[in-house]
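Trainee: Last residue of the sequence shown: number 1011 in numbering that gives the first Met the number 0, and the count goes up by one each step with no gaps. For each residue, glycine too, the CB sits at the ideal point set by N, CA and C. Bear in mind the structure is a predicted one, so any value in this text is a computation, not a measurement.
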Amino acid sequence: MSQLLLYILILFISLILALYIYLTWHFNHWIKRKIPGPKPFPLFGTFPGMVNAKRNFIYDLDEVYRQFKNKAKFVGVFVTRNPQIMILDPEICKDILITNFKSFQDNESSQWMNRKKEPISGSNPFALPAADWKIKRAEIVPAMTMSRIKGMFSIVEAICKKLNRYLKHIVESGQTTIDAKDIALHFTGEVVADVGWGIEAGNFVIDNDNHAKEDTLFLNMSKQLIAQTFNAFKYFFIAGIFPIVRYLVYVRFFPEITDRFFLQLTNSALQIRKSNANSNRQDFLQHMMELQQKKGISETEIVAHQLTLLFDGFETSATLISHCLLMLARYPEKQEKLRLEIQQHFEAHANTFDFDELVKLPYLEQCLAETLRIFTPLPYMAKVCTQPCELLNNDGVSLQLQPGDVCLIPLYSLHHDEEYYTQPEVFLPERFDEENGGIKKYKDMGVYLPFGDGPRICIGMKFGLSQAKAAVAEVIKHFELTVNERTRKDNYQAADGFIIGLDGGIFLDIKAFFIFGLYVYLTWHFDYWIKIKIPGPKPRVLYGTFPGTIDGKRNFIYDLDEIYRQFKNKAKFVGVFMTRSPQLMILDPELCKEILIANFKCFQENESSIRTDRVREPISGSNPFVLPFDEWKVKRAEIVPGVTSSKIKGMFPIIENVCTKFRQYLKNEIKKGTRTFNAKEVALKYTGDVVADVVWGIDAENLSTTKDVSQEKSSIFNMSKTMIAQNFHAFNYYFIARIFPIIRRFYYVRFFPEITDRYFTKLSRSAVELRQAQENNSRQDFLQYMVDLKEKKYISDTQITAHNLTFLFDGFETSATLISHCLLLLARYPLAQQKLRQEIQQHHHLVLNSTLNFDDLVKLPYLEQCVAETLRIFTPLPFMAKVCTQPCEFTNNDGVSLQIQPGDICLISLHSMHHDEEFFPQPEEFMPERFAEENGGTKKYKDMGVYLPFGDGPRICLGMKFALTQAKAAIVEVIKHFELTVNERTRQDNYQSADSFMSGLDGGIYLDVKEL
């Protein structure tokens, strides 16, 4: 028994050893010939992915490519045990495919097919040996000419409309996610069925219950055919290791059931077409009938040709379509660019969209080319040597190739090589722009071969591209695509297919984009200014004349400034568009003065007065800035006595006290080791403390040295910041509501959030009650004024809160913006900082440890100039929008008059006037001396109508005097006790942030502070 086990063991080991020898027999093949290459492994060869199926074969190829590409033009590899040559050099690729085609006329698949067992798949040109390929190619190529495809395009166009209806049905039925590959197969299947067999496959039929049908028979059979092809490749791979397998079992390339189905379908299609003598269709089926009449080809040969069309036009085209839609969904800016190209095409060509028009969409061409580069449907080629030839490697070693030798060309690797394609994994259609050399540039280099090249280039390429272009254009024209979370974010490709495909599938979220109705709606008013002969920049769809309001790439003021500079010497005013709404932009300072002062009766309201819903927002709706004129007069009369110079002087001890805290706060932070401060943040702490004390009579503790209130959600500091942040969101909402006013009916964004309304209402009520309980109180602050006003006029808690928040709005964010930017400019210009410090020190009351009082501030002219210059460069609200309230007339430079009607809006770009070299030489430079009294002071520029940091006329900012007073006090306190320099984190120019309606240096203001 033990001897038997020994024999069995010996036999087993012998078999293993024999198998090992068999599998490794050729492994010295390339070593003998001095051809470099990676080390092979038994069974795996140099491509383990082909055996273990853990990853796509292309990644094995790519590893070899990257390992050797700079060392050799070609390397020796092994597909399991079979030696093959892998080409790394693009010039040799071109030589194999084009120049020396006679030596490489066959594809490797020509060695696989048994034409006796599979007469249909065996007649596919891709699998035919050269002699037979020439015959079949000559039969099929005339059906794939551009003129023939153009004749078929009406079929493609009709199916595009079906696709559109089908997708709309999906969206309308509540389904938001689609399987892009499956939808693409529905489309290509419908096209191939109609073009190849003259039938409607029914892939886009909606049944009587308003449901999309499951896969049709044609679609199901087409999918089976492709799936079987993948199984056949596995079989051919195994048969390559053990050729004896071919004699024991055979796996068909196309399954018998699909052969029978398509044979029967072809027979029926031919009979129907022959019985319809009057048919004038110029489709593929018609060409097959003509070919049958001329050459007497059999129905089996016709089916073979039809399945060639199906193979190229079904799976391959669907792969291209689905992956192109994926990339456009991943890159919304590219999607929008393509949509704009399609939209402009329709605008110019009266909504025609035929074959000739497709070639007039260059960006569509580029998108498909880039998709084919990233997701090449057949990502490698295997060419068989048919005549002896010689290849010469980098090291001078030549290789004699013999008939039967196989050369692998890794298309995927060439298409993803950083040497040829920068950022190869990124979707950059522009790399194929004609200005950059187009597709031809890369084809000439031999590095762009999605369909192969030379005589055996894919026969169905033109047809496949035509239907893919049509489908992509149709989808992008009508729908907006985004990537569903089920779809992976990289380009990793599935292991279970010989045709490329994203691993895990392509799932896209889709919503209808009714582009043409929307286009008409958005552009309806675009001829408004042309009709009445008012000049202005050309508007763009959705953007109007202000793209910054949409894309958020830059502050709105820069859009305004471009227009101002373009037209200021040509017109007093120009017509512009806020998205789709016409508005007037004022360029002439005299006209600005007329709107704000001389003719104020015709422009009594701000645009914000038509935005706020006072029923929903009684507090923010009572802010004087947003009130309509009649109510503004009432509220202004209530609030103005609370912010007179005498009242502010009475409040100044509070400001003085906070200044002391401010100084101590900075000193303590410096002692702790802090050297760099966020100037805006510390300015907000200061203004927050001032406002809290003046308005509510409490210490907000923003400048406390023992606690950090910024970490407390319910602190005045954080609630104030929340309120201001909400304003920016509200402005975004108002912008969108301007495009689609219907939004206001079912969705509303508050100007002040509810949480801050409740917070400040409660705070105001408590403060008033506490003050009323203090009989001997002598504080002359804003709170006391509100208490007095309540007793006189019986105003409600809500009205008191509204007044308090008006004060907060002007005294918190706006003042902090002024303080922080003034300190920035003084830090940038140390001579100006020193000059201001000397003025402070020289003032007889302001020696180092003296007390600052209200009267002292007006005796510091250089301080006044520094603040004025800061307000010019960084105007807190850099533009104004005034609403016409009475009809009036403007006359332009060319003598054309314009009748302004109530509701019309006039934009005034304060930033542009404040940065105009004509009025302010070197406008980006901090030059406080330009506001010196001997030069005319601020009055000179206000009289010219070119200096309006707080507006002008009756609706000038109510909180201006208080804001300036606390800002000056803070600046004096800082400059008096500290030396400022600019930290390297702070940008060096004055470029302003895009994410705020108030001015603010982009990236923030960081200053290094040193105690004197």
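Please classify TYR1005: does DSSP put it in a helix, a strand, or coil?
Mentor: Strand, per DSSP.
Trainee: Taking 6 Å as the limit between beta carbons, can you name the residues of its chain near SER321, skipping five residues before and five after?
Mentor: Once the five neighbours on either side are set aside, the close Cβ partners of SER321 are ALA179, LYS180, ALA183, ILE505.
Trainee: Classify TYR420 as buried or exposed, calling it buried when 16 or more other Cβ atoms lie within 10 Å of its own Cβ.
Mentor: Buried.
Trainee: I'd like to check one pair, ALA831 with THR937: are the Cβ atoms closer than 7 Å?
Mentor: The answer is no: Cβ separation not under 7 Å.
Trainee: Check each candidate in HIS976, VAL981, VAL639, THR481 and name the one with the smallest Cα separation from LYS666.
Mentor: Considering only alpha carbons, the answer is HIS976.
Trainee: Can the beta-carbon of PHE525 be found closer than 7 Å to that of VAL694?
Mentor: Not in contact: PHE525 and VAL694 (Cβ atoms no closer than 7 Å).
Trainee: State the Cα-Cα distance for the pair SER108 and PHE125, rounded to the nearest angstrom.
Mentor: So the two alpha carbons sit approximately 7 Å from each other.
Trainee: Taking the straight line between their C-alpha atoms, what separation do you get for LEU284 and LEU269?
Mentor: One C-alpha to the other measures close to 8 Å.
Trainee: Which of the three DSSP states, helix, strand or coil, is assigned to LEU10?
Mentor: Here LEU10 sits in helix by DSSP.
Trainee: Taking the C-alpha atoms as reference points, what is the distance between CYS366 and SER580?
Mentor: Near 33 Å, if we compare the C-alpha coordinates of SER580 and CYS366.
Trainee: Have a look at HIS168 and ILE509 and give me their C-alpha separation to the nearest angstrom.
Mentor: About 12 Å.
Trainee: Apart from the five residues on each side of it in sequence, which residues of its chain come closer than 8 Å, Cβ to Cβ, to MET288?
Mentor: Cβ within range, chain order: LEU269, ARG272, LYS273.
Trainee: With a threshold of 8 Å on Cβ separation, who are the neighbours of GLY1002 within its own chain once the five nearest residues in sequence on each side are excluded?
Mentor: Counting only Cβ-Cβ distances below 8 Å, and skipping sequence neighbours, we find ARG984, THR985, ARG986, SER992.
Trainee: Following the continuous alpha helix (DSSP H) through ILE799, name the residue where it begins and the one where it ends.
Mentor: Taken as a continuous stretch (DSSP letters only), the alpha helix (DSSP H) holding ILE799 covers 796 to 808.
Trainee: Which residue comes first and which comes last in the alpha helix (DSSP H) that contains PHE100?
Mentor: That residue, PHE100, is in no alpha helix (DSSP H); it is neither H nor E in DSSP.
Trainee: Looking at the secondary structure, which residues open and close the alpha helix (DSSP H) in which LYS706 lies?
Mentor: LYS706 -> no alpha helix (DSSP H), and no H or E assigned at all.
Trainee: Using a 10 Å radius around the Cβ and a threshold of 16 neighbouring Cβ atoms, would you call ALA192 buried or exposed?
Mentor: The residue is buried, with at least 16 neighbouring Cβ atoms inside 10 Å.
Trainee: Whole angstroms are fine: how far does the CA of ASP355 sit from the CA of HIS348?
Mentor: Its pLDDT being 48, under 50, HIS348 is placed unreliably by the model, and nothing is read from it.
Trainee: Note down, in chain order, each residue of its chain lying with its Cβ closer than 6 Å to the Cβ of PHE651, except the 5 sequence neighbours on either side.
Mentor: Counting only Cβ-Cβ distances below 6 Å, and skipping sequence neighbours, we find PHE853.
Trainee: Going by other Cβ atoms of all chains shown within 10 Å of its Cβ, with 16 needed for buried, is PRO72 buried or exposed?
Mentor: For the sequence presented, residue 72 should be read as Lys rather than Pro. Under this definition LYS72 is a buried residue.
Trainee: What number of angstroms, rounded off, separates the C-alpha of GLU314 from the C-alpha of TRP132?
Mentor: Cα to Cα, GLU314 sits roughly 22 Å from TRP132.
Trainee: Apart from the five residues on each side of it in sequence, which residues of its chain come closer than 7 Å, Cβ to Cβ, to ARG662?
Mentor: Answer for ARG662: GLU972, HIS976, listed in chain order.
Trainee: Identify which residue in ALA200, MET220, GLY195 has its Cα closest to the Cα of ARG280.
Mentor: Taking only the C-alpha atoms, the option nearest ARG280 is GLY195.
Trainee: Tell me, which residues are paired with MET220 by DSSP?
Mentor: Paired residue(s): none; MET220 is not in a bridge.
Trainee: Rounded to whole angstroms, what's the CA-CA distance from VAL846 to THR659? Just pull it up for me.
Mentor: With a pLDDT of 47 at VAL846, under the threshold of 50, the modelled position of this residue cannot be trusted, and the question is left open.
Trainee: So, using beta-carbon positions, are PRO376 and TYR64 closer together than 7 Å?
Mentor: Contact: no.
Trainee: Cα-Cα, which of HIS415, ASP688, GLY944, PRO361 is closest to VAL432?
Mentor: It should be pointed out that residue 432 corresponds to Asp in this sequence rather than to Val. Checking every option, the nearest Cα to that of ASP432 belongs to PRO361.
Trainee: Along the chain, where does the beta strand (DSSP E) containing GLY75 start, and where does it finish?
Mentor: Element bounds for GLY75: 73 to 78.
Trainee: Is the separation between the beta-carbon of GLY810 and that of VAL690 shorter than 7 Å?
Mentor: Contact flag set, yes.
Trainee: Kindly give me the distance between the Cβ atoms of THR816 and GLY547, rounded to whole angstroms, as I take these residues to be in contact under 8 Å.
Mentor: Actually they are not in contact, since the Cβ atoms of THR816 and GLY547 sit about 20 Å apart, beyond 8 Å.
Trainee: Can you name, in chain order, every residue of its own chain whose Cβ lies under 7 Å from the Cβ of VAL140, other than the five neighbours on each side?
Mentor: Closer than 7 Å at Cβ, skipping near neighbours: ILE458.
Trainee: To the nearest whole angstrom, what separates the beta carbons of PHE253 and GLU117, a pair I think is in contact under 8 Å?
Mentor: The Cβ separation is near 7 Å, so the contact holds.
Trainee: Just checking my contact of ASN219 with ILE373 at CB under 8 Å: how many whole Å lie between their CB atoms?
Mentor: Not really, about 30 Å apart at Cβ, beyond 8 Å.
Trainee: Which of the three DSSP states, helix, strand or coil, is assigned to SER992?
Mentor: In this structure, SER992 counts as coil in the three-state DSSP scheme.
Trainee: Between PRO454 and the rest of its own chain, which residues show a CB-CB distance below 6 Å, the 5 nearest in sequence each way excluded?
Mentor: For PRO454, where only same-chain residues beyond five positions count, the Cβ hits under 6 Å are PHE100.
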